[in-house]
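Sequence order for the protein chains is Z and B. Heads up: the first sequence runs through residues 0 to 764, numbered per numbering that gives the first Met the number 0. Heads up: the second sequence runs through residues 0 to 278, numbered per numbering that gives the first Met the number 0. Built from N, CA and C at the ideal position, the CB exists for glycine as well. Okay, so here's the structure we're looking at.
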Amino acid sequence: MSADDVVFHALDVVGYADDLPRNLLPRLVAPIFRQRTNANLFLLPPYTLTGEGLSDFSLTSKSDFERAVILGQATKVGPFQARPDYRLWIDLDYSPRYEPTDEVSNHLRAIAHDHVRQAKTALRASRYGEAAKLAQVAIAADERCLDALLVKAIVHRSRGEGDEVDVLREIAESVSPDVEFLSWVDMYSPLASPVGQHIDSLRVYREVVALAQRQNDVSDAELIACVERAQESQISVSQVNPAPISASRDQAADASPLASLPEAEIPGFVREIESVIASHRAIKQTVVMVREDTPDEKQLVAYLEWMPATAVPTFVLTAFLEKKLPTYKIPAAFVLMDSWPLSASGEIDRRALPVPSDELLSLNSDLIAPRTPSEERLAGIWRDLFGVQQIGIRDDFFHLGGHSLLAAQLLARVQREFGVRVRPSVLFEHTTLEELARVIDPASSIADSGPNAAATVARASRVARPAHERSLFQLAPSNGTSKPFFWVHGVGGEVFQYAALSQHLAAVRPVFGFTAHWSHISGQDTPTLEVLAAHYVRELLRVHPSGPYHLGGYGSAALLALEMARQLEAKSAPVGVLAAIDCDVEPYLRSPGIHSAFAFLGNLPHWVRDEIVKGAWKDLTRRLKSRMRHLFALSGYRDYSEAGDDLYRWRFSDPQVAILKAHHTAFGSYRALPFGGKITLFYPRTAPLLGPWRSGHGPVWEELARDGVEVYRVRGSSLSMLIEPFAAELASYLNLAMERAERAYRDIRHETAPEASSRRASAPY
Amino acid sequence: MESQTASQPRPDRQANLAARLAELDEYSAAEAVCRARSTMSNSVGDRIARSMPLGHSRGAAAFQRIAKGGAILSRDHLQQSGTSIEGGEAERVLGTTGDVFTYAGPFRYPGTSCGFIFRPTIETTRATDSVATPFDSGAILHHLRPHDTTSQQKLFLSQYELPVPDYRVYMSRLLCTLFASPWDYIDGVDPDVRGPITVEGGDTRRWTFEVRFEKELSLMGALAAVVLPVALAADLPTEIAVWKREGVRVKYYLTPEPSETSWKFLHEASVSYLREILS
Chain Z
0 MSADDVVFHA LDVVGYADDL PRNLLPRLVA PIFRQRTNAN LFLLPPYTLT GEGLSDFSLT
60 SKSDFERAVI LGQATKVGPF QARPDYRLWI DLDYSPRYEP TDEVSNHLRA IAHDHVRQAK
120 TALRASRYGE AAKLAQVAIA ADERCLDALL VKAIVHRSRG EGDEVDVLRE IAESVSPDVE
180 FLSWVDMYSP LASPVGQHID SLRVYREVVA LAQRQNDVSD AELIACVERA QESQISVSQV
240 NPAPISASRD QAADASPLAS LPEAEIPGFV REIESVIASH RAIKQTVVMV REDTPDEKQL
300 VAYLEWMPAT AVPTFVLTAF LEKKLPTYKI PAAFVLMDSW PLSASGEIDR RALPVPSDEL
360 LSLNSDLIAP RTPSEERLAG IWRDLFGVQQ IGIRDDFFHL GGHSLLAAQL LARVQREFGV
420 RVRPSVLFEH TTLEELARVI DPASSIADSG PNAAATVARA SRVARPAHER SLFQLAPSNG
480 TSKPFFWVHG VGGEVFQYAA LSQHLAAVRP VFGFTAHWSH ISGQDTPTLE VLAAHYVREL
540 LRVHPSGPYH LGGYGSAALL ALEMARQLEA KSAPVGVLAA IDCDVEPYLR SPGIHSAFAF
600 LGNLPHWVRD EIVKGAWKDL TRRLKSRMRH LFALSGYRDY SEAGDDLYRW RFSDPQVAIL
660 KAHHTAFGSY RALPFGGKIT LFYPRTAPLL GPWRSGHGPV WEELARDGVE VYRVRGSSLS
720 MLIEPFAAEL ASYLNLAMER AERAYRDIRH ETAPEASSRR ASAPY
Chain B
0 MESQTASQPR PDRQANLAAR LAELDEYSAA EAVCRARSTM SNSVGDRIAR SMPLGHSRGA
60 AAFQRIAKGG AILSRDHLQQ SGTSIEGGEA ERVLGTTGDV FTYAGPFRYP GTSCGFIFRP
120 TIETTRATDS VATPFDSGAI LHHLRPHDTT SQQKLFLSQY ELPVPDYRVY MSRLLCTLFA
180 SPWDYIDGVD PDVRGPITVE GGDTRRWTFE VRFEKELSLM GALAAVVLPV ALAADLPTEI
240 AVWKREGVRV KYYLTPEPSE TSWKFLHEAS VSYLREILS
């Protein structure tokens, strides 16, 4: 066969060679082509392809096709059509070259992503050899694919090959020096556990851990049921109602497969589902059908018409249905209807309802694929972070489960891959992929953007300017007229952790947050907490000249809030609520003593029980040792370079690391002094292992609050109390405290107006 | 055709060494720059020549095969085991297909992407079945008197075959007298005088010492360092773990984008490593 017989448009890529051809660098997983006109003829690497033609090639018949195993055939990646302008060749140095570079690089990344996904699936099924092989293909396609290294490390760990895990750690660190690879291995290893086999992403894993922590008696089976329901519905595990989780076994017992549903029972079956769907406030009309468009494949399809201007994302609707219906009654597809086919009698003609298709499925119609190179690159980052296959430009970072650590990773990767430094607060103002892409690369998105593009770009330009001015940002829009609440940042320097709480608080009041600046850190001596607080207080008084001021923070952030409250007090500015959420203030007052040992012993049984519930008992000894090491590191709690190590496990950018280190020093050297008003304390019902045993920190905080403390215990653990579903409870208590404070403040001003100026301004109660 | 492999009878290499040293002395006496340098003590050149490791670089697939097999095999040995490899014209002509080739210096073979760096001490244990030349022997065919006949080329090669590890004395003298700085040898900067060896053209391999070992070169206990791309390293964690237990330094690099070649990264990594250990 001559070269003339083989032209690019006559070739399809049907897979990728899993053995690296001699002298072919592993950067490229060489495609295997198949001739379109003769499906039995393949082109295997090595070969030379250029726009001018082929050389050094030979087509191989399928019967001889032994040297390379086709990978990727069953994936979404391939096949793709080779094109005349697609160039792949091996140069004189035997280096693989390809053009167009971006397109091929993107394709390679897609290969990597797809193979990592398959590798994780294999890992969950304990097919370790296959998992390692797939992971190797992924890393061959994209050397920066840390997830692939992770899968390989877990495989080696499962075989007890610790040295190999350490080698992979070194390799990962050569790719990304800041990565705490072994922590990742620890975190991902449960993927191979019974529960882990049902988890498809790190995000879901984290949610499961949180769920297990707050539901101490939850079993593996219940966790699995929860995970499956969440993943089927593409919602957060935390959005699944705990009650149905507990009852899942009962539901499973009487769940009847759709396929075996008697024909006579279908009308009643769908009517029940229709009534539940129709009870959602956003639904104007709905019809549910059991369809069998493919023989022997019945599926439940819901046709929906939204109320005017009230369309909600389908995952919200799915979450709603999850709470009211068993899994098998949740429609597999949702089709949005603008108008309904009617019969002669004027009723909806069910038989004329369209067959669900990709174009009609609401899940897909919600998803608008990235349109620009910037959006595509950003979507790739989001896919990695959230472990999901599809990302649409209207997807919202926080709706997808984004939180502070993921945000830090996102911004670090944006800086690395786009060369653009984006402030964390920008993510609050531009939460969708589309908006964030415009912030990162305004020029690339103007041409195909909607009518609001100019305004958005203008806003983006304003927000993305070099960060040297504002610290204060609105976290949640609000029509509420009550006094605003101000979150302050902790050691991490940002306020993402308050996203869920802020949404609830915004129902009655605006919510703002103070974030840290690189410019506060770089080129200066490390600022003290007092200096940081003074900066924020100046900005607070400039932007919001009248009080009372409600402040709060989680963990170490409460110390900054305390210092700000003290400085406001010194300026005779009234402080309403000073909220300290789950903050152990004792290390900032005195050195730890024997009480710490008692706290440890008291909490140990609870912690051990939680670990066993989580299925981590096999690892218990190692984890206990780890916690003990941590305890000893904390024995001189001021050493924040040790205590803060956990924070560096994520891939922060250099400025973020600079902030973290500076804040560790600033927070660590802070000596808490009393505040003249009351302090409102919030604690989770599940105490941390190293915290005081079930008694809270109230007595310690009392030393700092001259008007005493008010303590609320809220549902959730230290990690989960800020997120759904527990955020609502905490927010309601916080709003209650603020309403009381504002009322008291008004009363005091009204009743003692002549004396008001001489009263302590920060004692509104 | 007379074979010149390291295992077969060779001319008196000690005599070759003495002749080459005398030749260098004569050349230095005639060249003012060399004459001045030869009178100066150059401890740096001595140290570099004495401690210079041996490098061997390959493509990814060959590297992987060697890593898993535990030894670099000669072309003849590979063919006997049924593995066919391309090229090797120069080796066939010169009769060196039975040897494993290394450079006393950084990796100098373009187009490769991974490399082994061996401890110089292996020369002591392999002194009887190894040989050194002050240039890349393959360069003879292409860059040494192209008009010469094969027999003349082979004769030329035999005259420059030096004993191992004694060739390092000659190497030290060359580094100290021909190069502006002995570090130039590592950095790939040509000597500022032509020198007594009449190999012309080509690249740095024209003056890079080559050490050939008979049949095979085992990795066990011999490796000082390896350099390889991340993707390949991820496929060899077990082998790397073994090497690390033996104290082998492992350097990883990210394969560059198409605008740059892996070879450039590999070469720079080896230069960086040599400068670090020889400083």
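| Asked | Found |
| --- | --- |
| Local conformation of Y127/Z per DSSP, three classes | helix |
| Contacts around R412/Z, its chain only, beta-carbon distance under 6 Å, and the 5 residues preceding and following it disregarded | I380 |
| Below-8 Å beta-carbon distance, D162/Z vs any chain B residue | yes |
| Strand pairing of G512/Z, partner residues [DSSP] | F472/Z, W486/Z |
| Reduced DSSP secondary structure (H/G/I, E/B, other) of A28/B | helix |
| C-beta neighbour in chain B for A139/Z, strict 8 Å | yes |
| Member of Y166/B, L16/B, Y184/B whose CA lies at the smallest distance from the CA of D202/B | Y184/B |
| Run of the beta strand (DSSP E) containing H549/Z, from where it starts to where it stops | 548-553 |
| Contacts that L148/Z makes with chain B (C-beta to C-beta distance below 9 Å) | V229, A233 |
| 8 Å Cβ cutoff, S173/Z in contact with chain B | yes |
| For L341/Z: DSSP bridge partner residues | I347/Z |
| Cα-Cα separation, I265/Z to T120/Z | 35 Å |
| Cβ distance (whole Å) where V300/Z is taken to contact A263/Z below 8 Å | That belief does not hold up - the Cβ atoms of V300/Z and A263/Z are roughly 20 Å apart, past 8 Å. |
| Spatial neighbours of D440/Z in its chain, beta-carbon cut-off 6 Å, leaving aside the 5 residues before and after | S373 |
| For L299/Z: DSSP bridge partner residues | V289/Z |
| Pairwise C-alpha distance: V192/B and A18/B | 20 Å |
| Whole-Å CB distance - D135/B paired with E209/B, under 8 Å assumed | 5 Å |
| contact_flag[the region 478-492 of chain Z, the region 726-738 of chain Z] where n(CB pairs < 8 Å) is 3 or more | yes |
| Neighbourhood of L161/B by C-beta distance below 8 Å, restricted to the same chain and skipping five residues each side | R12, N15, L16, R19, V130, A131, T132, P133, Y169 |
| Beta strand (DSSP E) segment containing E213/B, residue limits | 209-213 |
| Coil, strand or helix - A252/Z by DSSP | Confidence at A252/Z is low in this model, with a pLDDT of 36, below 50, so the placement of that residue should be treated as unreliable; the coordinate-derived value is given next. A252/Z falls in the helix class under three-state DSSP. |
| 6 Å Cβ shell around A515/Z - same chain, five flanking residues per side excluded | H488, G492, I658 |
| Rounded separation between S271/B and G187/B - CA only | 12 Å |
| Interface partners of K151/Z on chain B, CB under 8 Å | A233, P236 |
| Selection from S180/B, A126/B, A28/B, A60/B that minimises the alpha carbon distance to P190/B | S180/B |
| Min CB distance Q135/Z to chain B below 8 Å | yes |
| Assigned exposure category for L265/B - 16 Cβ within 10 Å defines buried | buried |
| Span of the alpha helix (DSSP H) around F396/Z | No alpha helix (DSSP H) holds F396/Z; DSSP gives it neither H nor E. |
| Short CB-CB distance (under 8 Å) between Y184/B and chain Z | no |
| Contact with chain B by I110/Z, beta-carbon distance below 8 Å | no |
| Inter-residue CB distance, S112/B and P228/B (contact presumed, cutoff 8 Å) | 6 Å |
| Cutoff 8 Å: I116/B Cβ touching any chain Z Cβ | no |
| Environment of Y535/Z [buried if 16+ CB atoms lie within 10 Å] | buried |
| Nearest-angstrom Cβ-Cβ length linking L156/B and L93/B, presumed shorter than 8 Å | 6 Å |
| CB contact flag (I390/Z, I367/Z, <8 Å) | no |
| CB contact check: Y744/Z to chain B, cutoff 8 Å | no |
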